[in-house]
Amino acid sequence: MERTFLMVKPDGVQRNIIGEIVSRFEKKGFQLVGAKLMQVSTSLAEQHYGEHKEKPFFGELVDFITSGPVFAMVWEGENVIATARQMMGSTNPIDAQPGTIRGDFGLTVGKNVIHGSDSPESAEREIKLFFKEEELVHYTKLM
Ligand code: CMP
8 MERTFLMVKP
18 DGVQRNIIGE
28 IVSRFEKKGF
38 QLVGAKLMQV
48 STSLAEQHYG
58 EHKEKPFFGE
68 LVDFITSGPV
78 FAMVWEGENV
88 IATARQMMGS
98 TNPIDAQPGT
108 IRGDFGLTVG
118 KNVIHGSDSP
128 ESAEREIKLF
138 FKEEELVHYT
148 KLM
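Numbering (our numbering), first residue to last: 8 to 150.
Following this line, the structure appears as structure tokens:
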């Protein structure tokens with residue numbers, strides 16, 4: 008079954024919308040298999056956002072993601088990577104449709120509430136960066 012890495016960013020945690028975000032993915036029918044509230048270190052942030060190293064906003068990105076706790080999650084389900092991206096909306100909240108997470112709660116491209124893996128390769132890499140295998144659970148969904 009496909010898995011993705013989702014993370015409520017520091018702005019989402021500060022604004023008390025962890026529950027709202029988790030609820031949307033639960034109601035959609037995806038299965039939560041790992042979650043933790045954590046402080047991201049500079050080293051973890053630099054690894055996670057490694058592909059943006061040359062971008063002018065890299066420093067800002069690392070500073071923001073390490074500025075306060077994040078809520079890191081692993082979700083499982085059919086086509087969860089692409090579907091979660093749709094549910095999140097466009098990266099820049101200005102372009103995100105109402106009804107999407109960023110469309111409803113995002114303010115700026117930097118403070119855009121949530122991160123989600125953009126491909127199976129990044130999902131695998133990001134899950135490994137944030138979670139040990141024993142932190143993920145395996146259970147059968149009954150309903
Ligand atoms: P995310 O999905 O976490 O992946 C990379 C992040 O870079 C993206 O969300 C945005 O929050 C951030 N980002 C993209 N463009 C800019 C920008 N121009 N200034 C600051 N942050 C940006």
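By construction, the Cβ of each residue, glycine as well, lies at the ideal position given by its N, Cα and C atoms.
Assigned exposure category for residue 155 - 16 Cβ within 10 Å defines buried
What the structure shows of the chain is the stretch from 8 to 150, and residue 155 is not part of that stretch, so it cannot be assessed.
Taking only heavy atoms of the ligand GDP into account, decide whether any of them is closer than 7 Å to the Cβ of residue 41.
The model on display carries the ligand CMP but not the ligand GDP.
Helix, strand or coil: which one does DSSP assign to residue 34?
As a working note, residue 34 is residue 27 in the sequence shown. In the three-state reduction of the DSSP assignment, residue 34 falls in the helix class.
Measure the beta-carbon distance from residue 72 to residue 47 and round it to whole angstroms, keeping in mind my assumption that it falls under 8 Å.
For the purposes of this step, residue 72 is identified with residue 65 of the sequence shown, where counting begins at 1. For the purposes of this step, residue 47 is identified with residue 40 of the sequence shown, where counting begins at 1. Distance from residue 72 to residue 47 at the Cβ level is roughly 5 Å; contact confirmed, criterion being Cβ atoms closer than 8 Å.
Based on the DSSP secondary-structure assignment, which residues constitute the bridge partners of residue 43?
The residue you call residue 43 lines up with position 36 of the sequence shown. Bridge partners of residue 43: 79.
Beta-carbon separation of residue 120 and residue 101 under 8 Å?
The residue labelled residue 120 in the question sits at position 113 within the sequence shown. The residue labelled residue 101 in the question sits at position 94 within the sequence shown. Cβ atoms of residue 120 and residue 101: not closer than 8 Å.
Looking at residue 140 and the ligand CMP, is the gap between the Cβ and the nearest heavy atom below 7 Å?
Here residue 140 refers to the residue found at position 133 when the sequence shown is read from its first residue. No, Cβ of residue 140 sits at least 7 Å from all heavy atoms of the ligand CMP.
DSSP on residue 100, reduced to helix/strand/coil?
Counting from 1 along the sequence shown, the entry for residue 100 is found at position 93. Per DSSP, reduced to three states, the secondary structure at residue 100 is coil, with no helix or strand assignment.
What is the DSSP secondary structure of residue 68, counted as helix, strand or coil?
Reading the sequence shown from its first residue, position 61 is the one you call residue 68. In the structure shown, residue 68 sits in a helix (DSSP, three-state: H, G or I).
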